[in-house]
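With my numbering applied, the sequence shown corresponds to residues 12 to 179, in that order.
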Amino acid sequence: MKYLRAYPTELQDKIRALIDQGRLGDYLAQRYGERHAIQSDKALYAYTMALKQAHLKNAPAIDKVLFDNRLDLTHRALGLHTAVSRVQGGKLKAKKEIRVAALFKDAAPQFLQMIVVHELAHLKESDHNKAFYQLCQYMLPDYHQLEFDLRVYLTWRELPDTGLLTER
12 MKYLRAYPTE
22 LQDKIRALID
32 QGRLGDYLAQ
42 RYGERHAIQS
52 DKALYAYTMA
62 LKQAHLKNAP
72 AIDKVLFDNR
82 LDLTHRALGL
92 HTAVSRVQGG
102 KLKAKKEIRV
112 AALFKDAAPQ
122 FLQMIVVHEL
132 AHLKESDHNK
142 AFYQLCQYML
152 PDYHQLEFDL
162 RVYLTWRELP
172 DTGLLTER
């Protein structure tokens, strides 16, 4: 259970018990059975900008938001924020980008929202510090629960012979 290593043993034991009983998929389907309708980069950009406008009006502008097929669990990246600097003529131009792992095209809307909120928080706080997580909670009050449940979902995805949640 590599995604849950940082959590207390009693939480890990509860998830392990659900796995042993074959009930983890049912638990996730009950809580997060819906799928969001955001399937294009254009829709993801609009969704991200709406969240930014609602919570971070004074944050730097975002130039690009997209689903990225190259982000995956092997790189330990579910989302990525970047600042690309280029020299054009005599001027230095910086563009901010947010990339979301393509696996979230088929995820529950709460998981997509959690990832987008996480990446938006990096516009103000670059490190995963106390201020960063306070900002995440400001934008999404149940951020910590969703992060835990997302880690449970990722654990479930890697179980042998489970199939994906969308197939249930």
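Heads up, the beta-carbon is just placed ideally off N, CA and C, and yes, glycines get one too.
Taking a 10 Å sphere around the C-beta of G36, we find 16 or more other C-beta atoms and assign the residue as buried. In summary, K63 is buried, with 16 or more beta-carbon neighbours lying within 10 Å of its beta-carbon over all protein chains present.
The Cβ atoms of W167 and L39 lie closer than 8 Å to each other. The DSSP assignment places complete alpha helix (DSSP H) segments of no fewer than 4 residues inside the segment 37–104 at 52–66, in order along the chain. Judged by DSSP in its simplified three-state form, H129 adopts helix.
Rounded to the nearest angstrom, the gap between the Cα atoms of Q148 and H155 is 8 Å. In terms of Cα proximity to P71, the closest of L131, R42, D31 and F78 is L131.
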